[in-house]
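**Q** Chains as they are written, first to last, in our numbering: chain F, -10 to 377; chain Y, 57 to 550.
Ideal placement from N, C-alpha and C gives every residue a C-beta, glycine not left out.
Please read all numbers here as calculations on a predicted model, not as lab measurements.
Right, I'll just put the structure down here and ask away after.
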Amino acid sequence: MALYVAAHLVVRVALPLADPYLLPLSGVLTGLGLTMIYRIDPDLAFRQGLWVVIGLAAFAALVLFLKDYRTFDQVKYILGLAAIFLLALPAVPGLGRTINGASLWVGVGPVVFQPGEFAKVLLVVFLAGYLRDNREMLSMGSGRYGLPSLKHFGPLLIIWGGAMLVLFQTNDLGGGLLYFSIFLAMLWVATARWAYVAVGGLLFAAGAYALYHVTPHVQDRVAIWLDCSWTVSNACPVYTEGYQLAQSIYAISGGGLFGQGLGEGVLISPEGHTYIPFLSTDFIFAAIAQELGLAGAAALVLLYVVFLYRGFRIALMADDGFSKLLAVGLTSALAIQAFIITAGVTGLIPLTGITLPYVSYGGSSIVANFLIVGLLLMVSNHVNRERS
Amino acid sequence: MNPQIRRLFFVLVTLFVAVIGMSTWWLWKAPDLEARRGNPTLLVKQLTIERGRIFAADGKTVFARNRKVKQKSLGRTWFLRVYPQRRLVAHPVGYSTIERSRTGLEKSLNDFLTGSNANLDTVLDNALDKLKGLTQKGNDVVTTINARAQRVAMDALGGKCGAAVALEPSTGRVLVLASQPSFDPNLVEGHFNQILRTKAACGSASPLLDRATQGRFIPGSTFKVVTAAAALDTGRFTPSSRFDDPGYCIEYGKRVSNFADQSGPEVFGNVSFTQAMEHSINAVFCNIGKKLGPTVVLDYAQRFGFYEEPPIELPSEEVAPSGLYRRNRLYLPRDPNQVDPGRLAFGQERLLATPLQMALVAAGIGNDGIVMQPTLVDRIVAPDGKVIERSNPKEWKEAIKPRTAAELTAMMRAVVESGTGTAAQISGVPVAGKTGTAETGVSGRNDTWFIAFAPADRPRVAVAVALSGQSGTGGATAAPIAKAIIEALLKRNP
Chain F
-10 MALYVAAHLV VRVALPLADP YLLPLSGVLT GLGLTMIYRI DPDLAFRQGL WVVIGLAAFA
50 ALVLFLKDYR TFDQVKYILG LAAIFLLALP AVPGLGRTIN GASLWVGVGP VVFQPGEFAK
110 VLLVVFLAGY LRDNREMLSM GSGRYGLPSL KHFGPLLIIW GGAMLVLFQT NDLGGGLLYF
170 SIFLAMLWVA TARWAYVAVG GLLFAAGAYA LYHVTPHVQD RVAIWLDCSW TVSNACPVYT
230 EGYQLAQSIY AISGGGLFGQ GLGEGVLISP EGHTYIPFLS TDFIFAAIAQ ELGLAGAAAL
290 VLLYVVFLYR GFRIALMADD GFSKLLAVGL TSALAIQAFI ITAGVTGLIP LTGITLPYVS
350 YGGSSIVANF LIVGLLLMVS NHVNRERS
Chain Y
57 MNPQIRRLFF VLVTLFVAVI GMSTWWLWKA PDLEARRGNP TLLVKQLTIE RGRIFAADGK
117 TVFARNRKVK QKSLGRTWFL RVYPQRRLVA HPVGYSTIER SRTGLEKSLN DFLTGSNANL
177 DTVLDNALDK LKGLTQKGND VVTTINARAQ RVAMDALGGK CGAAVALEPS TGRVLVLASQ
237 PSFDPNLVEG HFNQILRTKA ACGSASPLLD RATQGRFIPG STFKVVTAAA ALDTGRFTPS
297 SRFDDPGYCI EYGKRVSNFA DQSGPEVFGN VSFTQAMEHS INAVFCNIGK KLGPTVVLDY
357 AQRFGFYEEP PIELPSEEVA PSGLYRRNRL YLPRDPNQVD PGRLAFGQER LLATPLQMAL
417 VAAGIGNDGI VMQPTLVDRI VAPDGKVIER SNPKEWKEAI KPRTAAELTA MMRAVVESGT
477 GTAAQISGVP VAGKTGTAET GVSGRNDTWF IAFAPADRPR VAVAVALSGQ SGTGGATAAP
537 IAKAIIEALL KRNP
């Protein structure tokens, strides 16, 4: 709490004109997450607390020492390359760690982190810069058939290829879906061309389809999703592969309107294991729905909507393209990530393991998301100063 | 770019609304989902209730009690089940677990055991407990099972695949409900594989199957009692009616032989109805069956409760009806020509019966022809000691006239005194009984039976014992077990 007040003061001093809602919003989300994690596993909550401190420190450093975020614009290609480098890092032998079938982690000594979380931020910065420079070309189309020339479209294809590669290599549909959705959202905002969204969507679908056929892991996920969520059929393998989704759905449905109450929910068995695996990371939304009910879950989702609103407001008010695209990209990155995981644990879409921003346990995620809010506040401060 | 940003905002908000919609949908489906296997929500919620205990008829022997488990992080107390008698009453009492839900009385009486029943007293007590912040307490259940006789029955059945049921004919109280192989209900949570590995002398051990209420055995000659009831009750025959036994009976132009030993089929010549019962002569019953016709015989079977699940307090899926089975399903033929009347009369012909059903037949005869509703529950006691439910004897079926019952009793006494059932004789106590040795088609793998009631003049106990995979006769294998159970039960109240 005190740290938040401190962080808030830092913001008010360093960025007096920044949006006053975003940091408190992320604070509420983090606090809710910490409470939930504490209820599930107090030791884990302590570690999460440490990560929050580190995240806030990174946030303060960013806000205090980076005078103008637009310097990122000049080094955008370096940032783009860095993003790809980070994404490829888990593939480096000896560094990569595979946890639960997905190779998303990098371990250096005792420290294990998920470079993808940081790559996400860098990717958005790169895209914001790149799309700002090329948006005219991309939206007009200069070559034949009204298509933009390879010169302008090429780097985007590279990004698409990169995202696909990451998808195959890490075995992680969630991450791929997230990066690609951010990419499409920003591309569309920049160019206003539905064709890109359609083609991009098709390409992604093609990639996902190929992945579906290549990896049994993904086939399982889809089959479980169909059996367990849409039909609630008895084919749902409640005791084996479908276990986590089924348990997640039970937890959500059992929560009722107002939940079992904090600490009262059915989450931990008398033997001390959680009924839902990865409860404090991927499935924290189910835990919240169980204990705080539909009302609590809806309130949580509403917090993301408010975040989305504030973030997009910054984008709307910004007068340079880079700021606009940066704000849109960062905000939608957060919102899309929140959607993918909440829709996954409720059975709306096939389940993919990513964190619920600010709420889930996860060091890389917390730090990266604080950087996002820091950047957003800097954009906001800049925008408001230009205006006044 | 602003119009796109606005639109993107609405797209994303729509997605979030869809997530809330999906959660709402699950809320809507909650009643369906709660009942599903593997859903811990309700089960675990009820673990915080101090579940009522389950006792034997003496009100002292504990069949099920609780073990407190404190959860460190929240200081919450769970109540987990312990079954001190282990295999003894695993089938009727059942189990209450998280992983495998519930069975037996633990399932069917769950509302009482958790105190969620709607009796006014219980509702008030719970409301008060909640206000006082006390743990909700369930009601205790006192069963009708005689623990000592149950142990005698389980020991006697031990190592075999079979079941024994003992009833009090005048009240329908179930005194013994034993089924082997059994399982230790304490192992269900966490060690279920150990139960699945149970081995037994029969084809499939199926320790979870309650052979007493669900086990379908070929009734064989014990069904002759039902045929005889039909023969006497309709007035078509008397115990002294005479028959000629050539050692076989002709059906559809073919011989159906009597029970055969090494020297070939037995031949008794001219005998009375009583003697035919005494020696269990198939040929005689075959001819009676042909004369009465399958419709009458099946009608009397229904009067004893065949074709219905006996209305005992166990969950419906743990009680099987008896009758003719075709392709594993109960069937009552409309056209009497579909049934072989001779084989039906001595209990072959695709006829299957549960030990509970045959015990009800014996009890009905011992109770002047009236079958009482079987009951496993003596009373349900609130935590403060107040009795909130007490089971009263109820008539279930009026099967036969008292006079027919008396005649049948005399015939069944002859079976034990000088017929196939001499192994069940008890000195000083007249026993009425009937043996059964049903061929399953595989030699040396018979379903063997003994049904009886005693004392024959004023019955206090009716018993049915069924064993599968036996090479001996019912008189040699099942009768001694029935005798042991009757002795154990009669010794109790001299």
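Residue 517(Y) lies in the beta strand (DSSP E); which residues open and close that run?
**A** 517 to 526
**Q** Hey, out of 441(Y), 270(Y), 230(Y), whose CA is closest to residue 384(Y)'s CA?
**A** 270(Y)
**Q** Could you compute how far the alpha carbon of residue 192(F) sits from the alpha carbon of residue 162(F)?
**A** 14 Å
**Q** If we count the other Cβ atoms within 10 Å of its Cβ and call it buried at 16 or more, is residue 200(F) buried or exposed?
**A** buried
**Q** Please report the residue range of the beta strand (DSSP E) in which residue 326(Y) lies.
**A** 325 to 328
**Q** Out of curiosity, what's the CA-to-CA distance linking residue 110(Y) and residue 298(Y)?
**A** Straight-line spacing of the CA atoms in residue 110(Y) and residue 298(Y) works out to 53 Å.
**Q** Sort 380(Y), 232(Y), 371(Y) by Cα distance to residue 166(Y) and report the nearest one.
**A** 371(Y)
**Q** When you compare the segment 230 to 242 of chain F with the segment 266 to 285 of chain F, are there three or more beta-carbon pairs, one atom per stretch, that lie closer than 8 Å?
**A** yes
**Q** In three-state terms, what does DSSP make of residue 133(F)?
**A** Only weak support exists for where residue 133(F) lies, its pLDDT of 49 falling under 50; the value from the coordinates is given anyway. It is helical.
**Q** Excluding sequence positions up to five away, which residues of its chain have a Cβ less than 6 Å from the Cβ of residue 331(Y)?
**A** none
**Q** To which residues does DSSP link residue 491(Y) through a beta bridge?
**A** 506(Y)
**Q** Just the Cα atoms here: how many angstroms apart are residue 21(Y) and residue 366(Y)?
**A** Since the first residue shown for chain Y is 57 and the last is 550, residue 21(Y) is missing from the structure and cannot be characterised.
**Q** Using the Cβ count rule (16 or more neighbours within 10 Å means buried), how would you classify residue 350(Y)?
**A** buried
**Q** Among the candidates 358(F), 332(F), 151(F), 206(F), whose CA atom is the shortest distance from the CA of residue 78(F)?
**A** For residue 78(F), the nearest C-alpha among the options comes from 151(F).
**Q** Looking at the structure shown, is residue 409(Y) part of a helix, part of a strand, or coil, going by DSSP?
**A** strand
**Q** So, for residue 243(Y): in the same chain, excluding its five sequence neighbours on each side, which residues have a beta-carbon less than 7 Å away from its beta-carbon?
**A** 250, 251
**Q** Around the C-beta of residue 58(Y), are 16 or more other C-beta atoms found within 10 angstroms, so that it is buried, or is it exposed?
**A** exposed
**Q** Which of helix, strand or coil does DSSP assign to residue 377(F)?
**A** coil
**Q** Along chain Y, in chain order, which residues have C-beta atoms closer than 8 Å to that of residue 238(F)?
**A** 82, 89
**Q** Indicate whether at least one CB of chain F lies closer than 7 Å to the CB of residue 58(Y).
**A** yes
**Q** Does residue 55(Y) come out as helix, strand or coil in the three-state DSSP assignment?
**A** There is simply no residue 55(Y) to check, as chain Y begins at 57 and stops at 550 in what is shown.
**Q** Within 10 Å of its beta-carbon, does residue 527(Y) have 16 or more other beta-carbons around it, so buried, or fewer, so exposed?
**A** exposed
**Q** Would you identify the three-state DSSP class for residue 342(Y), choosing helix, strand or coil?
**A** Helix.
**Q** Is it right to say residue 535(Y) is buried, meaning 16 or more other beta carbons lie within 10 angstroms of its own, or is it exposed?
**A** buried
**Q** Can you name the residues of chain F whose CB is closer than 8 Å to the CB of residue 346(Y)?
**A** Using a Cβ-Cβ cut-off of 8 Å, residue 346(Y) is close to nothing in chain F; its nearest Cβ partner there is about 48 Å away.
**Q** What three-state label does DSSP hand residue 362(Y) in the structure shown?
**A** coil
**Q** Considering only residues of the same chain and omitting the five flanking positions on each side of residue 550(Y), which have a CB-CB separation below 8 Å?
**A** Low local confidence applies: a pLDDT of 43 at residue 550(Y) is under 50, so the model's placement there is unreliable, with the coordinate-based value given in what follows. Closer than 8 Å at the Cβ level, and outside the excluded window around residue 550(Y), lies no residue.
**Q** Which of helix, strand or coil does DSSP assign to residue 195(Y)?
**A** coil
**Q** Below 8 Å on C-beta distance, what does residue 245(F) contact in chain Y?
**A** 83, 86
**Q** Output, in sequence order along the chain, the residues in the segment 270 to 296 of chain F whose CB is closer than 9 Å to any CB in chain Y.
**A** 274, 278, 279, 282, 283, 286, 287, 290, 291, 293, 294
**Q** How far does the alpha helix (DSSP H) with residue 162(Y) in it reach, from first residue to last?
**A** Its alpha helix (DSSP H) spans residues 160 to 164.
**Q** Taking DSSP as the reference, what is the three-state secondary structure of residue 271(Y)?
**A** coil
**Q** Using only the alpha-carbon positions, how far apart do residue 352(Y) and residue 510(Y) sit?
**A** 28 Å
**Q** By a C-beta neighbour count over all protein chains shown, 10 Å radius and 16 as the cutoff for buried, is residue 393(Y) buried or exposed?
**A** Exposure of residue 393(Y) is indicated by the presence of fewer than 16 other C-beta atoms within 10 angstroms of its C-beta.
**Q** Short of 6 Å in beta carbon distance, which residues of its chain neighbour residue 44(F), apart from the five on each side in sequence? Order them along the chain.
**A** 355, 356, 359
**Q** I'd like to know whether the C-beta of residue 328(F) is nearer than 7 Å to at least one C-beta of chain Y.
**A** yes
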